[in-house]
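Have a look at the structure below, then the notes.
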Amino acid sequence: MSFPWARQYEPKNAVTKFLDEKLPLPRLVYNAVGAGYPVPRNLSYFWNFGVLAGFFLVVQIVTGVVLAMHYAANAQVAFATTEHIMRDVNWGWLMRYAHANGASFFFIVVYLHIFRGLFYSSYKAPREMIWLLGVVIFLLMMATAFMGYVLPWGQMSFWGAKVITGLFGAIPLVGEPIQVWLLGGFAPDNAALNRFFSLHFLLPFVIAGVVILHIWALHIPGSSNPTGVEVKSESDTVPFHPYYTAKDGFGLGIALLAYFALVFFLPNALGHPDNYIEANPLSTPAHIVPEWYFWPFYAILRAFTVDFLFVPAKLMGVIAMFASILLWFFLPWLDKSPVRSGHYRPLFRKFFWFGLIPAMIVLFICGGAPAEEPYVMLSQIATAYYFLHFLVILPIISNVEKPEPLPYSITEAVLGSDKKVVKGENTTPAV
Amino acid sequence: MTKLLSVRLVAILVGLGFAVAALWAFVVGAYNAATEEVAPHLPYEDPMDLSWSFDGPFGKWDHAQLQRGLKVYDEVCSACHSLKFVAFRDLEQLGYSEGQVKAYAAAKQVPGIDPNTGEATMRPGLPTDYFPSPYPNAVAAAAANNNAIPPDLSLMTKARGNGTNYVASLLMGYQEPSAELLEEHPEAAPGPGLYHNPYFPNLNLAMAPPITTAGQVTYDDGTEATIEQMSKDVAAFLTWTAEPTMVKRKQTGWPVLIFLLFATILAYMSKKQIWAAVKPKK
Chain A
0 MSFPWARQYE PKNAVTKFLD EKLPLPRLVY NAVGAGYPVP RNLSYFWNFG VLAGFFLVVQ
60 IVTGVVLAMH YAANAQVAFA TTEHIMRDVN WGWLMRYAHA NGASFFFIVV YLHIFRGLFY
120 SSYKAPREMI WLLGVVIFLL MMATAFMGYV LPWGQMSFWG AKVITGLFGA IPLVGEPIQV
180 WLLGGFAPDN AALNRFFSLH FLLPFVIAGV VILHIWALHI PGSSNPTGVE VKSESDTVPF
240 HPYYTAKDGF GLGIALLAYF ALVFFLPNAL GHPDNYIEAN PLSTPAHIVP EWYFWPFYAI
300 LRAFTVDFLF VPAKLMGVIA MFASILLWFF LPWLDKSPVR SGHYRPLFRK FFWFGLIPAM
360 IVLFICGGAP AEEPYVMLSQ IATAYYFLHF LVILPIISNV EKPEPLPYSI TEAVLGSDKK
420 VVKGENTTPA V
Chain B
0 MTKLLSVRLV AILVGLGFAV AALWAFVVGA YNAATEEVAP HLPYEDPMDL SWSFDGPFGK
60 WDHAQLQRGL KVYDEVCSAC HSLKFVAFRD LEQLGYSEGQ VKAYAAAKQV PGIDPNTGEA
120 TMRPGLPTDY FPSPYPNAVA AAAANNNAIP PDLSLMTKAR GNGTNYVASL LMGYQEPSAE
180 LLEEHPEAAP GPGLYHNPYF PNLNLAMAPP ITTAGQVTYD DGTEATIEQM SKDVAAFLTW
240 TAEPTMVKRK QTGWPVLIFL LFATILAYMS KKQIWAAVKP KK
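Chains A and B supply the protein sequences, listed in that same order.
Each residue of the first sequence is one higher than the one before, counting from 0 in numbering that gives the first Met the number 0.
Each residue of the second sequence is one higher than the one before, counting from 0 in numbering that gives the first Met the number 0.
Have a look at this one:
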């Protein structure tokens with residue numbers, strides 16, 4: 000599963016020898032993120048975000064477990080226990096702000112990770128399974144984040160829960176029974192709050208499990224790289240440790256600086272003021288908006304304002320919103336260009352930077368804006384482009400595009416030529 | 000091969016379907032936008048940009064101001080608004096002594112139970128008690144206020160965008176609607192039991208102007224109680240009630256960021272050193 004030149008783990012003392020025989024956990028770590036994992040030598044900082052996503056998953060689990068010790072999932076007291084955490088629990092305010100902003104940072108790094116995957120076509124063979132598991136992780140994250148936002152039982156918690164579970168009500172015939180079954184009642188109340196808390200506690204551990212599969216699947220072909228050219232020889236790689244542990248350490252420092260700047264100085268900047276008003280089923284907020292990381296998909300949901308053929312507008316929006324993410328599952332079979340990296344695909348690159356990225360920005364802005372013109376019309380155009388990009392443009396350009404010449408190898412891309420490498424001049428990294 | 004081709008063919012058809020549906024909605028929306036009149040938004044004003052001692056990353060509480068604000072809440076707001084997440088013991092953070100807090104709490108009547116009969120009664124407050132609500136329940140609050148329940152103020156400045164400035168501006172903003180406004184938006188005229196205020200999103204609110212005359216509250220520290228002064232003091236006090244840990248949060252942030260800055264610089268230097276051996280020489 001690894002390259003033949005991967006370093007082999009050698010237990011050095013009695014304890015590690017004992018462990019290696021009985022439970023080779025140190026060997027596993029050595030081969031997964033240690034010197035035993037050869038990685039392309041040319042990874043850019045865009046390859047930092049996988050490690051960062053794993054880090055923020057741990058932050059969320061640690062802060063979340065502590066918060067759960069002080070929180071009570073009961074509609075009568077949920078809002079008050081949240082304030083109890085903010086006011087009376089020692090460092091409770093830090094735990095809660097770290098958790099709320101940790102969710103935002105988890106999504107920021109995961110979106111950059113997905114962006115990397117899309118631009119460099121990391122989803123292509125032989126890495127399809129890594130991509131598929133990644134989409135599963137993203138869907139689980141969305142479900143977890145949505146249910147977590149309900150827990151403080153503020154106005155946006157309540158009305159968000161009502162709107163999102165209401166989406167299932169759009170399904171013909173069985174929609175309403177499904178919605179009642181999901182909520183455990185006709186409107187969000189204690190039953191819904193309790194099950195959301197239970198699932199919000201469970202799902203992060205499911206995510207952690209799928210993350211293990213994601214990393215396992217990664218270690219079979221090894222990491223992709225910015226040229227998209229597969230590893231050919233030892234000179235194309237460096238051991239993960241110390242090269243990428245050092246680089247990830249620096250990336251983590253930058254991410255933590257940004258994260259704690261927000262936690263300590265602007266902790267409510269990404270939240271909505273209405274969630275500091277206790278849930279009130281009799282008072283609808285002027286604008287119901289989800290958290291920022293759902294805005295693009297919320298914009299797609301709301302873009303379908305008129306019935307289409309026999310499909311009611313609301314159902315069309317729900318189908319489109321789910322389809323906008325589920326279509327990522329098919330990307331490895333839609334984009335058949337043999338070239339992976341966007342750097343060598345002139346046509347793909349144009350559509351990516353001047354089509355997909357502007358469309359995503361428009362959808363993001365419109366998702367957070369009230370449902371008024373011009374936002375609705377803009378989101379309709381961006382939604383149309385979004386589906387055209389993935390389902391029509393991507394399959395067609397892989398047929399018509401003439402890719403630019405690729406470097407012979409990663410070593411050539413880094414050093415300018417691969418000859419020195421063959422002679423073995425100053426290329427084998429010293430560890 | 001044919002199988003793969005059919006996957007892409009299906010994808011293209013599905014993609015075109017979604018795109019056509021979205022564009023159809025766009026066309027209908029554009030037609031409606033061009034033909035239908037949209038009710039214009041009422042022109043409410045953004046809060047005034049006031050300056051506060053707790054602004055910015057180095058901000059600190061002005062304890063004298065918070066104490067004045069407590070007095071305004073006590074003598075004006077507390078007639079209708081509860082403060083249910085604040086306990087009397089919290090007031091020690093405003094610079095009061097333990098004895099002062101005890102005396103302050105004892106002067107308040109809070110709901111209790113008669114130890115002899117078990118009947119509901121009122122008793123003097125203890126530092127561990129929370130600020131009592133002016134009404135026994137929501138129905139009583141609605142009945143006394145023309146069906147508009149006065150909201151709890153504990154979190155008010157966090158529950159509104161730009162909350163501190165908003166509360167201060169709202170308290171200072173009561174005025175008669177201008178003639179131009181009424182001419183342009185006749186619907187903006189305050190109905191019965193409503194009061195005009197340009198900082199309130201629909202321009203009319205059920206709360207009567209609470210701070211109406213200079214000297215309405217007599218400050219213990221001799222500060223002149225202008226309408227502006229009282230409005231700002233109570234807005235500052237409500238910022239503290241909304242987040243009593245705000246200053247501690249900012250003060251904790253600096254050592255964390257400075258530590259991280261050094262750690263990140265060290266991480267960068269070690270990364271550079273480790274990579275020096277394999278980086279191509281320029």
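No residue lacks a Cβ here, since even glycine has one placed at the ideal position from N, Cα and C.
The structure presented is a predicted model; accordingly, all values stated were derived computationally and were not measured.
Could you tell me which chain D residues have their CB closer than 8 Å to the CB of residue i, listed as they occur along the chain?
i              : result
W274 (chain B) : Here chain D cannot be found, since the structure's protein chains are A and B.
Looking only at C-alpha atoms, which of the options sits nearest to residue i?
i              : options                        : result
E290 (chain A) : A:N274, A:L281, A:A278         : A:N274
P37 (chain A)  : A:W4, A:F54, A:W152            : A:W4
M315 (chain A) : A:I170, A:E372, A:S43          : A:I170
M155 (chain A) : A:P280, A:R26, A:W332          : A:P280
L265 (chain A) : B:A38, B:Q99, B:G58, B:G111    : B:G58
Q215 (chain B) : B:E74, B:L180, B:A24           : B:E74
N31 (chain B)  : A:L387, A:L414, A:V375, A:Y385 : A:V375
F328 (chain A) : A:P272, A:P404, A:L131         : A:L131
V100 (chain B) : B:P126, B:A29, B:K70           : B:P126
I112 (chain B) : B:A106, B:R122, B:A105, B:Y103 : B:R122
K271 (chain B) : A:W294, A:A260, A:F263, A:T244 : A:T244
G116 (chain A) : A:A31, A:V179, A:G183, A:T226  : A:T226
Y110 (chain A) : A:K231, A:F45, A:V14, A:I276   : A:F45
Y134 (chain B) : B:S5, B:C79, B:L12             : B:C79
So which residues of chain A does residue i contact, with C-beta pairs closer than 9 Å?
i             : result
G68 (chain B) : Result: empty, since nearest Cβ-Cβ is about 18 Å, beyond 9 Å.
Using a Cβ cut-off of 8 Å, pull out every chain B residue sitting near residue i, in sequence order please.
i              : result
I276 (chain A) : P150, L154, A158
V391 (chain A) : A10, I11, G14, L15, A18
P171 (chain A) : Here the premise fails: no neighbours, minimum Cβ distance about 17 Å.
F303 (chain A) : A20, A21, A24
Can you tell me whether residue i is buried or exposed? The criterion is at least 16 other CB atoms within 10 Å of its CB, across all chains shown.
i              : result
E118 (chain B) : exposed
V228 (chain A) : buried
V64 (chain A)  : exposed
V436 (chain A) : Nothing can be reported for residue 436 (chain A), as the shown portion of chain A is limited to 0 through 430.
Q64 (chain B)  : buried
Y62 (chain A)  : Per the sequence shown, the amino acid found at residue 62 (chain A) is Thr instead of Tyr. Buried.
W352 (chain A) : exposed
May I ask which residues mark the beginning and end of the alpha helix (DSSP H) holding residue i?
i              : result
V233 (chain B) : 226-241
P37 (chain A)  : From DSSP, P37 (chain A) is part of no alpha helix (DSSP H) but of the beta strand (DSSP E) over 37-39.
P203 (chain A) : 189-217
V75 (chain B)  : Unbroken run through V75 (chain B): none, as it is neither H nor E.
P331 (chain A) : 330-333
P110 (chain B) : From DSSP, P110 (chain B) is part of no alpha helix (DSSP H) but of the beta strand (DSSP E) over 108-112.
I148 (chain B) : No alpha helix (DSSP H) holds I148 (chain B); DSSP gives it neither H nor E.
Between which two residues does the beta strand (DSSP E) holding residue i run?
i              : result
R122 (chain B) : 119-123
P289 (chain A) : Run containing P289 (chain A): none; DSSP gives neither H nor E here.
I276 (chain A) : First-last for I276 (chain A): undefined, no H or E at that position.
G101 (chain A) : That residue, G101 (chain A), is in no beta strand (DSSP E); its alpha helix (DSSP H) goes 91-118.
T236 (chain A) : 236-238
Output the distance between the C-alpha atoms of residue i and residue j, rounded to the nearest integer angstrom.
i              : j              : result
W60 (chain B)  : G101 (chain A) : 28 Å
I409 (chain A) : I219 (chain A) : 19 Å
K419 (chain A) : E233 (chain A) : Low confidence applies to K419 (chain A): its pLDDT is 47, below 50, so where it sits in the model is not reliable enough to give any reading.
Y343 (chain A) : A144 (chain A) : 37 Å
L432 (chain A) : M146 (chain A) : Lying before the first or after the last residue shown, residue 432 (chain A) is absent from chain A, which here runs from 0 to 430.
R6 (chain A)   : Y242 (chain A) : 14 Å
T304 (chain A) : G28 (chain B)  : 8 Å
D87 (chain A)  : G252 (chain B) : 19 Å
T225 (chain B) : G367 (chain A) : 40 Å
G252 (chain A) : Y198 (chain B) : 43 Å
I264 (chain B) : F249 (chain A) : 8 Å
V85 (chain B)  : A178 (chain B) : 42 Å
D334 (chain A) : F386 (chain A) : 14 Å
F347 (chain A) : L154 (chain B) : 50 Å
S103 (chain A) : V58 (chain A)  : 12 Å
L22 (chain A)  : W215 (chain A) : 18 Å
T222 (chain B) : A106 (chain B) : 24 Å
Please confirm whether any heavy atom of the ligand COA lies closer than 7 Å to the CB of residue i.
i              : result
S103 (chain A) : Among the components modelled here there is no ligand, and therefore nothing to report on the ligand COA.
Quick one: list the residues of chain B neighbouring residue i, beta-carbon separation under 9 Å, in chain order.
i              : result
W400 (chain A) : It is worth fixing the name first, because residue 400 (chain A) is Glu in this sequence and not Trp. None at all; the shortest Cβ gap to chain B is about 15 Å.
L387 (chain A) : G14, L15, F17, A18
Could you work out which residues of chain A lie near residue i, taking near to mean beta carbons separated by less than 8 Å?
i             : result
S52 (chain B) : Chain A residues near S52 (chain B): none, gap ~16 Å exceeds 8 Å.
A29 (chain B) : M376
At a CB-CB cut-off below 7 Å, which residues of chain B make contact with residue i?
i              : result
P394 (chain A) : R7, A10, I11
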